[in-house]
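Engineer: Residue numbers (the numbering used here): 645 to 759.
#1: Which residue comes first and which comes last in the beta strand (DSSP E) that contains residue 744?
#2: Could you pull the start and end residues of the alpha helix (DSSP H) that residue 706 belongs to?
#3: So which of 754, 741, 710 and 695 has the shortest CA-CA distance to residue 591?
#4: Are at least three pairs of beta-carbons, each pair with one atom in the region 725-738 and one in the region 681-695, less than 8 Å apart?
#5: Beta carbon of residue 710, beta carbon of residue 668: below 7 Å?
#6: Quick check: what's the CA-CA separation for residue 671 versus residue 678?
#7: Short of 6 Å in beta carbon distance, which residues of its chain neighbour residue 716, apart from the five on each side in sequence? Order them along the chain.
Below is the structure:
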């Protein structure tokens with residue numbers, strides 16, 4: 645799973661430093677690529693982001709920043725409760741782990757503003 649070293653390292657290091665905002669990754673067996681990424685965060689801390697405009701911006705930017713390799717499939721209500729589920733098109737011909745990592749960095753640091 646050398647291909648996933650960057651994603652594994654990012655997730656491990658992020659989760660180690662941020663107990664109230666973390667990522668989980670579900671991997672495809674044998675293939676070794678991510679198929680689902682979930683986020684959990686303290687809903688109270690980010691309640692200023694829970695508008696429909698913010699939700700729509702978030703969903704659009706996840707697709708754009710990942711070159712359409714990631715798609716948010718959870719609901720706006722789940723978003724407001726601190727839960728986001730993202731599916732990954734990891735079988736696509738243009739799959740790139742660097743797109744996944746950079747999108748997770750954008751989500752956490754730029755959209756949510758976590759340091």
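All C-beta atoms, glycine included, are put in the ideal place defined by N, C-alpha and C.
Structural biologist: In this structure, then:
#1: For this step, residue 744 is matched to residue 100 along the chain shown. Unbroken run through residue 744 is the alpha helix (DSSP H), 741-749; no beta strand (DSSP E).
#2: Mapped onto the chain shown, residue 706 falls at position 62. Start and end: 696-709.
#3: Only positions 645 to 759 of the chain appear in this structure, which leaves residue 591 out of reach.
#4: yes
#5: Residue mapping note: residue 710 aligns to position 66 of the chain shown, counting from 1. Residue mapping note: residue 668 aligns to position 24 of the chain shown, counting from 1. No. Outside cutoff.
#6: Against the chain shown, residue 671 aligns to sequence position 27. Against the chain shown, residue 678 aligns to sequence position 34. C-alpha separation (whole angstroms): 4 Å.
#7: The sequence position of residue 716 within the chain shown is 72, counting from 1. Cβ neighbours of residue 716 beyond the five flanking positions: 703, 706 and 730.
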